[in-house]
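Peer 1:
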Amino acid sequence: MAVGDRPTKRAGEDAAATAAGAATETKAAASQLAPITTGELTAPIVVPNTLWQAVNPLAYDGGRPAEITHLREFGLTDAGRHDDGRWGGLQVIPTQADNILDLIRANSLWPLLSGLACCAFEMMSAATSKNDMDRWGMFPFRASPRQSDVLIVAGTLTTKMAGPLVRLWEEMPEPKWCVALGDCTVSGGRYKRSYSTVQGIDRVMPVDVYIPGCPPRPEGLIYGMMQLGQLVKDQRGHWPEREIGPTVPDKI
Amino acid sequence: MPTRPVRTNSRPKQRPPEQHRSEDDPRIMLDREVSADLYEPIPPYPTRTEREAEFYTIGDGEMFLNLGPQHPATHGVLRLVLKLSGEQIVDVDPVLGYLHRGVEKICENSDYYHVIDQVDPLEYASALFQEWAAVLAFEKLMDVEVPPRAEYIRVLSAELLRISSHTLFMGFLALDMGGLTPILYSFIERDEIVEMLAALTGARMLFNYFRIGGVNGDLNHEFMSRLGDWMSRAAKQTEANTGLLNENEIFVRRARGVGVMDREMALRFGVTGGNLRASGVPFDVRRAHPYSVYPQLDFNVPTRLEGDSLARYLIRMDEVRESIKIIDQCLNNMPDGPVMAKLPRLLRPHPGRAWGAVEGPRGMLGVYAISDGTDQPFRFRIHDPSFMNLEVVPHLLPGNLLADTMAIVSSLDPIMGGIDK
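Chains L and Z, in that order, give the protein sequences.
Counting along the first sequence from 1, when you hit position 17 you're at 17 in our numbering, and nothing is skipped either side.
Counting along the second sequence from 1, when you hit position 170 you're at 170 in our numbering, and nothing is skipped either side.
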């Protein structure tokens, strides 16, 4: 197999340009071409595997195809996941870049320096001397949403603050994660009956980790951030498919 | 149930057709005249008062700068719209309400026991004082006598929290002016104090410890052991921590002479607490309107005359030393006895009204409670000192440089939970 087995748009255009004189024949030839899908690679790039073959072709989950298909198609299947041992003999690992980058991201989650209310004190306590979040790569609280990975919503979210907070969340570059710190952000908490608060921030933005408590201890935040790191590792390479927007449906 | 269309970040299946733009495309601005009103200031909404119209009318060479509600140095969600001329502040429009949680209304719908829990998150840096104000008003309303041991435990725990709050103030003031180190030392003290209070009350920040007629629990071994350890080094450690800033020339030069508030201005705006005492008025609720066992305790009311940011900082550091003295006396004079008065389970005070005020770390924390004879307060009005202190900001900032904004606002020590309620 090689590139160009199936006719592409560019091949059809070239044929039309060279055979401009014989109009009827080219029209007939063009009508026989396959339908064109713009923007998509119509023929997969196939790279024969000359690097490595398993001794037992049936090993490792029933074996793998003898030739490595196009990397994007390979990435869409689950074949390359959860069995990193099979690639151990290779110098080059064919994988999506996000699979590797997310391993780095999981160990260096930079939160946004954004405190709304009481829980901000416990967040700062988790970052300073006694409970030092820096030990797990979580310290550098960035003051700009452009430079941060995690939004820790620390404190009650009121209806007036919801707009600026969602704007902050949308200003953060992908990939980004959200941690709901405290009862108020998890479900409304003690302000469930209030007229001016948002009953849980998952009504306005997606949440990855919920940390209950009023307020949670700093150890709770550290544990939640470690769980988030595990979540990033577990879902590595798949964050583009995540839903954006609130995770609670309307009228609940 | 209506379903929301699911939006994802994944690549679209088909790229949209390429758009060819020509010169007659109206979306392309070619040599279009940029009208001057693009640069006219637009207020966030139609101006409603003369003051707003005056503020949002921009003069020659002036510009607006929006500070907050998300800003690392605004102590939460304070928003200041600054009108600048060059680097000099001309006018300030503070925008509040980003943390309005409707606490007063919730308190009016709770019974008297639950109110104590609901007022906790107002002054979240020092929650016991807000509880104390509510409890004081309710005790006046119901004519309850508190056992002396409970009063001493209240003073002991509250003064510990005052030290914690003032130590945090020192760290935040330095942080807002660009120094990271003091806050690391502040949080060492704060974490130790809240841990020992957690041994006493069960919570680190929102304690729910005071009760109408006493406190929730007696002193226990872990609290006393931690307190003893901490008291053995508290005075020395306080001197070491204040030395970080007092002997720092950059800090002292930036804070001295900035945001000067004279005593007339402070009295006119109802400023209380350390901010008032830094302006030369020796007003302290513990002395002026004594409550609890403060008349039996020996402490000074530190006062300064300068009224600038440095004086407000130094006043609070003096108060830490006085608080250590008070804690020492509490431990020496702690009486035996019960920690709760005998009260019915359902509290229904006679119709009436009561005002309870305590000296919090930021000033006079007051509660005005009106009873209509039911088990819930008819009206529960909260007077918060941070709100009064913040009212001075539009009068302190103009004339100063932009870089001094945080040196002034932070020295007033506002807590947005109390301001927005």
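A virtual CB, placed ideally from N, CA and C, is assigned to each residue, including glycine.
Contact between the region 222-230 of chain Z and the region 137-148 of chain L is defined here as three or more beta-carbon pairs at a separation below 8 Å; is this criterion met?
Peer 2: Contact between the region 222-230 of chain Z and the region 137-148 of chain L is absent, because fewer than three Cβ pairs lie under 8 Å.
Peer 1: Taking buried to mean at least 16 other C-beta atoms within 10 Å of its own C-beta, is residue 49 of chain Z buried or exposed?
Peer 2: Translated into positions along the second sequence, residue 49 of chain Z becomes position 49. Exposed.
Peer 1: Mind reading off the beta-carbon distance from residue 315 of chain Z to residue 263 of chain Z? Whole number of angstroms is fine, and I expect it under 8 Å.
Peer 2: For the purposes of this step, residue 315 of chain Z is identified with residue 315 of the second sequence, where counting begins at 1. For the purposes of this step, residue 263 of chain Z is identified with residue 263 of the second sequence, where counting begins at 1. Incorrect: roughly 14 Å between the Cβ atoms, too far for contact.
Peer 1: Quick check: what's the CA-CA separation for residue 230 of chain Z versus residue 194 of chain Z?
Peer 2: Residue mapping note: residue 230 of chain Z aligns to position 230 of the second sequence, counting from 1. Residue mapping note: residue 194 of chain Z aligns to position 194 of the second sequence, counting from 1. Each residue's alpha carbon lies about 12 Å from the other.
Peer 1: Given a limit of 9 Å on CB to CB distance, which residues of the region 264-294 of chain Z reach chain L?
Peer 2: For the region 264-294 of chain Z, which is checked against every Cβ of chain L, not one residue is closer than 9 Å.
Peer 1: Which word fits residue 371 of chain Z, buried or exposed, when buried means at least 16 other C-beta atoms lie within 10 angstroms of its C-beta?
Peer 2: In the second sequence, residue 371 of chain Z corresponds to position 371, counting from 1. Classification of residue 371 of chain Z: buried, given that the 10 Å Cβ count is 16 or more.
Peer 1: Do three or more CB pairs link the region 242-259 of chain Z to the region 156-164 of chain L at distances below 8 Å?
Peer 2: Output reads no: the region 156-164 of chain L does not touch the region 242-259 of chain Z.
Peer 1: Run through DSSP, which three-state label would residue 110 of chain L get?
Peer 2: Translated into the one-based positions of the first sequence, residue 110 of chain L becomes position 110. In the structure shown, residue 110 of chain L sits in coil (DSSP, three-state: anything other than H, G, I, E or B).
Peer 1: Beta-carbon within less than 6 Å of residue 273 of chain Z's beta-carbon, same chain only, minus the 5 sequence neighbours each way: which residues are those?
Peer 2: If you number the second sequence from 1, residue 273 of chain Z lands on position 273. Contacts found: 362, 363 and 385.
Peer 1: At a threshold of 6 Å, does residue 216 of chain Z count as lining the ligand NAD (C-beta to nearest heavy atom)?
Peer 2: Ligands are entirely absent from the displayed structure, and the ligand NAD is therefore not among its contents.
Peer 1: Taking 7 Å as the threshold (beta carbon to beta carbon), is residue 187 of chain Z in contact with chain L?
Peer 2: In the second sequence, residue 187 of chain Z corresponds to position 187, counting from 1. So, interface residue.
Peer 1: The beta strand (DSSP E) with residue 80 of chain Z in it runs from where to where?
Peer 2: Start at 1 with the first residue of the second sequence, and residue 80 of chain Z comes out as number 80. Where residue 80 of chain Z is concerned, the enclosing beta strand (DSSP E) stretches over 79-85.
Peer 1: Any C-beta of chain L sitting closer than 7 Å to the C-beta of residue 101 of chain Z?
Peer 2: Residue mapping note: residue 101 of chain Z aligns to position 101 of the second sequence, counting from 1. So yes, residue 101 of chain Z belongs to the interface.
Peer 1: Helix, strand or coil: which one does DSSP assign to residue 238 of chain Z?
Peer 2: Residue 238 of chain Z sits at position 238 when you count from the first residue of the second sequence. Note: residue 238 of chain Z maps to helix in three-state DSSP.
Peer 1: Write down the C-beta distance between residue 405 of chain Z and residue 412 of chain Z rounded to the nearest angstrom, noting that I regard them as a contact closer than 8 Å.
Peer 2: Taking the second sequence and counting its residues from 1, one reaches residue 405 of chain Z at position 405. Taking the second sequence and counting its residues from 1, one reaches residue 412 of chain Z at position 412. 11 Å between Cβ atoms; not a contact.
Peer 1: Looking at chain L, is there any beta carbon in it that lies within less than 7 Å of the beta carbon of residue 376 of chain Z?
Peer 2: In the second sequence, counting from the first residue as 1, residue 376 of chain Z sits at position 376. So no, residue 376 of chain Z is outside the interface.
Peer 1: Identify the contact partners of residue 115 of chain L in chain Z, using a Cβ-Cβ distance below 7 Å as the criterion.
Peer 2: For the purposes of this step, residue 115 of chain L is taken as residue 115 along the first sequence, with counting starting at 1. Those are 76, listed as they occur along chain Z.
Peer 1: Can you find a CB in chain L that lies within less than 7 Å of the CB of residue 70 of chain Z?
Peer 2: Within the second sequence, residue 70 of chain Z is the residue found at index 70, counting from 1. Yes, its Cβ sits closer than 7 Å to a Cβ of chain L.
Peer 1: Output needed for residue 293 of chain Z: all residues of its chain with C-beta closer than 8 Å, excluding positions within five of it in sequence on either side, in chain order.
Peer 2: Numbered from its first residue, the second sequence carries residue 293 of chain Z at position 293. Excluding sequence neighbours, residue 293 of chain Z sits near 148, 151, 152 and 155.
Peer 1: Looking only at C-alpha atoms, which of Z/400, Z/93 and Z/218 sits nearest to residue 80 of chain Z?
Peer 2: On the second sequence, residue 80 of chain Z is found 80 positions in, with the first residue counted as 1. Per the Cα distances, Z/93.
Peer 1: Which bits of chain L does residue 206 of chain Z rub up against, with CB to CB less than 8 Å?
Peer 2: For this step, residue 206 of chain Z is matched to residue 206 along the second sequence. Near residue 206 of chain Z (Cβ distances below 8 Å), the residues of chain L are 118, 214 and 215.
Peer 1: Can you give the Cα-Cα distance for residue 342 of chain Z and residue 133 of chain L, rounded to whole angstroms?
Peer 2: One-based indexing of the second sequence puts residue 342 of chain Z at position 342. One-based indexing of the first sequence puts residue 133 of chain L at position 133. Taking the straight line joining both Cα atoms gives about 46 Å.
Peer 1: Should residue 210 of chain L and residue 186 of chain L be called a contact, given that it needs their Cβ atoms to be closer than 7 Å?
Peer 2: Mapped onto the first sequence, residue 210 of chain L falls at position 210. Mapped onto the first sequence, residue 186 of chain L falls at position 186. Yes, the Cβ-Cβ distance between residue 210 of chain L and residue 186 of chain L is below 7 Å.
Peer 1: What are the residues of the region 117-139 of chain Z that lie near chain L, defined by any Cβ-Cβ distance shorter than 8 Å?
Peer 2: So the list reads 117, 118, 121, 124 and 125, given in the order they occur along the chain.
Peer 1: Please report the straight-line C-alpha distance between residue 170 of chain Z and residue 75 of chain Z, rounded to a whole angstrom.
Peer 2: Reading the second sequence from its first residue, position 170 is the one you call residue 170 of chain Z. Reading the second sequence from its first residue, position 75 is the one you call residue 75 of chain Z. Computed Cα separation, rounded: 13 Å.
Peer 1: Note down, in chain order, each residue of its chain lying with its Cβ closer than 7 Å to the Cβ of residue 165 of chain Z, except the 5 sequence neighbours on either side.
Peer 2: In the second sequence, counting from the first residue as 1, residue 165 of chain Z sits at position 165. Taken in chain order, the residues that qualify are 125, 126 and 361.
Peer 1: Using the DSSP secondary-structure output, state which residues sit across from residue 66 of chain Z in a beta bridge.
Peer 2: The residue you call residue 66 of chain Z lines up with position 66 of the second sequence. In DSSP, residue 66 of chain Z forms a bridge with Z/81.
Peer 1: Who are the near neighbours of residue 66 of chain Z in its chain, counting only those whose CB is closer than 6 Å to its CB and skipping five residues on each side?
Peer 2: For the purposes of this step, residue 66 of chain Z is identified with residue 66 of the second sequence, where counting begins at 1. Around residue 66 of chain Z: 81.
Peer 1: Going straight from the alpha carbon of residue 111 of chain L to that of residue 391 of chain Z, what length do you get?
Peer 2: As a working mapping, residue 111 of chain L is identified with position 111 in the first sequence. As a working mapping, residue 391 of chain Z is identified with position 391 in the second sequence. The alpha-carbon atoms of residue 111 of chain L and residue 391 of chain Z are separated by roughly 32 Å.
Peer 1: For residue 177 of chain L, list the residues DSSP reports as bridge partners.
Peer 2: Position 177 of the first sequence, counting from 1, holds the residue named residue 177 of chain L. Partner(s): L/150.
Peer 1: Tell whether a beta-carbon distance below 7 Å holds between residue 204 of chain L and residue 246 of chain L.
Peer 2: Here residue 204 of chain L is taken as the residue at index 204 of the first sequence, counted from 1. Here residue 246 of chain L is taken as the residue at index 246 of the first sequence, counted from 1. Yes, the pair counts as a contact, with Cβ atoms nearer than the cut-off.
Peer 1: Against residue 130 of chain L, what residues of chain Z qualify as contacts under a CB-to-CB distance less than 7 Å, listed in chain order?
Peer 2: Along the first sequence, read from residue 1 onward, the residue named residue 130 of chain L stands at position 130. Within 7 Å Cβ-Cβ: 187, 188 and 191.
Peer 1: To the nearest angstrom, how far is it from the Cα of residue 121 of chain Z to the Cα of residue 206 of chain Z?
Peer 2: To locate residue 121 of chain Z, count along the second sequence from 1; it is residue 121. To locate residue 206 of chain Z, count along the second sequence from 1; it is residue 206. So the two alpha carbons sit approximately 6 Å from each other.
Peer 1: Round the Cβ separation of residue 125 of chain L and residue 187 of chain Z to the nearest angstrom and send it over; I've been treating them as touching at under 8 Å.
Peer 2: By 1-based counting over the first sequence, the position of residue 125 of chain L is 125. By 1-based counting over the second sequence, the position of residue 187 of chain Z is 187. Their Cβ separation, rounded to whole angstroms, is 6 Å, which keeps residue 125 of chain L and residue 187 of chain Z in contact under 8 Å.
Peer 1: In angstroms, rounded to a whole number, what distance separates the CA positions of residue 230 of chain L and residue 104 of chain L?
Peer 2: Here residue 230 of chain L refers to the residue found at position 230 when the first sequence is read from its first residue. Here residue 104 of chain L refers to the residue found at position 104 when the first sequence is read from its first residue. When rounded, the distance between both Cα atoms is 12 Å.
Peer 1: The alpha helix (DSSP H) spanning residue 123 of chain L covers which residue range?
Peer 2: Position 123 of the first sequence holds residue 123 of chain L. Start and end: 119-127.
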